[in-house]
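First comes the structure, then the notes that go with it.
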Amino acid sequence: MSVFTVNPEKELGKIKPMNAVNNGPVHKETGGQHRSNFQDYAELCIPYARNHDASFCPDYGGEHTVDVHAIFPDFSKDPYDPASYDFICTDHYLKTIEKTGTKVFYRLGSKIEHGVKKYGTLVPPDFQKWAVICEHIIRHYTEGWADGFHMDIEYWEIWNEPNIDLDDAEDKRCWGGTAEEFFQLYTIASKHLKGCFPHLKIGGPASVNARYEEWNNLFLERMQKENAPLDFFSWHRYSKDPRDIEDCVHLIRNTLDKYGFHNTESNLNEWNYVRSWTDEFNYTLEQIIGMKGAAFASAVMTLCQYGPLDMLMYYDVRPGAFNGLFDYYTFRRLKTYYAYQMFSKLYLAGTQIETLGEVDDICTVSAKGEMGVYTMLTYFSEDDNNKDQKEFEVQLPEGTQELFLLDEEHDAERVMKFTGSAVTLSMKPNSVILIHSN
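With the working numbering, letter number 242 in the sequence shown gets 242, and the count goes up by one each step, no holes.
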């Protein structure tokens, strides 16, 4: 029988923020038809929430929230005049996120626009002025400008998915211009913002796909030539295979290093389960909100912890089709919520430790901290006809062992408690186990 051995004496470094997300809770102190997932969100101890696509959500403030053109609605106005800005809805949204203990990761730019007419994704008429507008948004939230705040927001991302459509596309969803125009915008904005805020992390460009290598190479080559600040390189990958995402993590790190960006963080800040964007898209959406989506999320968090990745941000916790944590209408907890609840135990423990052994299709990660040792085991399968249970032994630190199970019938419930140092497990496809050793 195969054996996994958890070794608390061999420390591998910090548990990284693999449990970050896009967007925050829905919460309103007063008013009719009140809904909230604030407390459930807070209990996950999410490290960062990126605020991309927040303006799709009316509960966050809708079209008046986050996006640069929402906060600065009339581009002809004076960017140095506080009266030119409308911060109210975004203030409320960001403070709500902050109250849960989660830090904001701010995307400067616009949400994706699928409509026949575009608004925020159009090329700004003056790149330098756009940079000055962004400067004052940052000052409002970090320096108190315009009756603002002193929030601890370190990450500021320039734009989202400028390469989702080709230069000659008729319906450009994220960037209305060419690649060359975006390179100019990023260069001007990043230099201006880094000059104003050398202590903050300025980066981007939220590349739509890790495997769009030609565009990514052109961007990095240009930024290297321009000596443009790139504290982090953000990128996206949707897939049906956790190992594909693991491969992309190495691809992006190697590409950054090739162009000399050795100190630039690699942040995968949009990802989720997707079998197909076209013919099987309905199937995809069904799986995201179920156990298969939860096992996929758990496997990705586990594999990426080992890879050269600095942050992983699930898309999306905003009420919508890609939210595997909360039901769209009722906000009740879905299966992926419990995968995040499990991983949060490792994140709070803080120090990754060695787990030796290998079983096909089983991903493992362990951590230790003041509360003991946590070991997370995930069995993800893309094959819906797979009935193959995996049996193996886990060697644990001597002590009291509590085993929690996430599958179709269990929501991270404790199913076993014993004293000792070894347990034999049998896992079925698309299930997750967390063992607490104390």
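Heads up, the beta-carbon is just placed ideally off N, CA and C, and yes, glycines get one too.
{"Query": "Out of curiosity, what's the CA-to-CA distance linking R253 and D310?", "Result": "10 angstroms"}
{"Query": "When you compare the region 276-286 with the region 5-25, are there three or more beta-carbon pairs, one atom per stretch, that lie closer than 8 angstroms?", "Result": "no"}
{"Query": "Please identify the residue among I202, Y238, D241, K240 whose C-alpha is closest to the C-alpha of M223.", "Result": "I202"}
{"Query": "What residues in its chain sit with their C-beta under 7 angstroms from that of E354, if we drop five residues either side in the sequence?", "Result": "N7, K10, L12"}
{"Query": "Quick check on the burial criterion: 16 or more other C-beta atoms within 10 angstroms. Buried or exposed for N267?", "Result": "buried"}
{"Query": "Looking only at its chain, what residues have a beta carbon closer than 6 angstroms to the beta carbon of S110, apart from the 5 residues adjacent to it on each side?", "Result": "D67, G120, T121"}
{"Query": "Can you give the Cα-Cα distance for D40 and M1, rounded to whole angstroms?", "Result": "39 angstroms"}
{"Query": "Based on Cα-Cα distance, which residue from E393, D147, F380, K240 lies nearest to N295?", "Result": "Here residue 295 is Ala; the residue named in the question, Asn, does not match the sequence. Considering only alpha carbons, the answer is F380."}
{"Query": "DSSP on S84, reduced to helix/strand/coil?", "Result": "helix"}
{"Query": "Taking only three categories from DSSP, how would you classify T355?", "Result": "strand"}
{"Query": "Is the CB-CB distance between R237 and A210 below 9 angstroms?", "Result": "yes"}
{"Query": "Spatial neighbours of L356 within its chain, please: C-beta separation below 6 angstroms, excluding the five flanking residues on both sides.", "Result": "T5"}
{"Query": "Secondary structure at Y273, three-state DSSP: helix, strand or coil?", "Result": "strand"}
{"Query": "Taking the CB atoms as reference points, tell me whether T259 and N217 lie closer together than 9 angstroms.", "Result": "This sequence places Tyr at residue 259; Thr is not what is there. Yes, Cβ-Cβ distance for Y259 and N217 is below 9 angstroms."}
{"Query": "Around the C-beta of N263, are 16 or more other C-beta atoms found within 10 angstroms, so that it is buried, or is it exposed?", "Result": "exposed"}
{"Query": "My assumption, with CB atoms under 8 angstroms, is that Y93 sits in contact with Y60. Please give the rounded CB distance.", "Result": "5 angstroms"}
{"Query": "On the criterion of 16 or more Cβ atoms from any shown chain inside 10 Å, does F418 qualify as buried, or is it exposed?", "Result": "exposed"}
{"Query": "Check whether the region 176-191 and the region 331-344 are in contact - that is, three or more C-beta pairs closer than 8 angstroms.", "Result": "no"}
{"Query": "Measure the C-alpha to C-alpha separation of E43 and L348 and round it to an integer number of angstroms.", "Result": "12 angstroms"}
{"Query": "To the nearest angstrom, report how far apart C134 and W159 are at their CA atoms.", "Result": "11 angstroms"}
{"Query": "Is it the case that the region 357-366 contacts the region 315-330, given that we only count it when at least three CB pairs across the two stretches are under 8 angstroms?", "Result": "no"}
{"Query": "Between Y315 and E270, how many whole angstroms is the CB-CB distance? I'm expecting something under 8 angstroms.", "Result": "4 angstroms"}
{"Query": "Around the Cβ of A422, are there at least 16 other Cβ atoms within 10 angstroms (buried) or fewer (exposed)?", "Result": "exposed"}
{"Query": "Which residue or residues does DSSP assign as beta-bridge partners of S239?", "Result": "Y273"}
{"Query": "Put N323 into one of helix, strand or coil per three-state DSSP.", "Result": "coil"}
{"Query": "Taking only three categories from DSSP, how would you classify D473?", "Result": "This structure leaves residue 473 out entirely; the chain is present only between 1 and 438."}
{"Query": "Between which two residues does the alpha helix (DSSP H) containing G293 stretch?", "Result": "291-306"}
{"Query": "If you compare alpha carbons, which of G195, G177, V274, E265 is closest to P308?", "Result": "E265"}
{"Query": "Out of N37, D81, A206, Q305, state which residue places its alpha-carbon closest to the alpha-carbon of K14.", "Result": "Q305"}
{"Query": "Buried or exposed for N37, going by 16 or more other Cβ atoms inside 10 Å?", "Result": "buried"}
{"Query": "Which runs of the beta strand (DSSP E) fall wholly inside the region 50-81 and span at least 3 residues, in chain order?", "Result": "none"}
{"Query": "Out of curiosity, what's the CA-to-CA distance linking E63 and Q184?", "Result": "27 angstroms"}
{"Query": "Can you check the region 120-162 for any beta strand (DSSP E) of at least 3 residues that lies completely inside it and give the ranges in chain order?", "Result": "155-158"}
{"Query": "Hey, E391 and T424 are a contact pair by Cβ (cut 8 angstroms); roughly how many whole angstroms apart?", "Result": "7 angstroms"}
{"Query": "One question on the structure: do S207 and F219 come within less than 9 angstroms of each other, judged by their Cβ atoms?", "Result": "yes"}
{"Query": "Take F404 and list the residues in its own chain whose beta-carbon comes closer than 6 angstroms to its own, dropping the five residues that flank it on each side.", "Result": "A412, R414, L434"}
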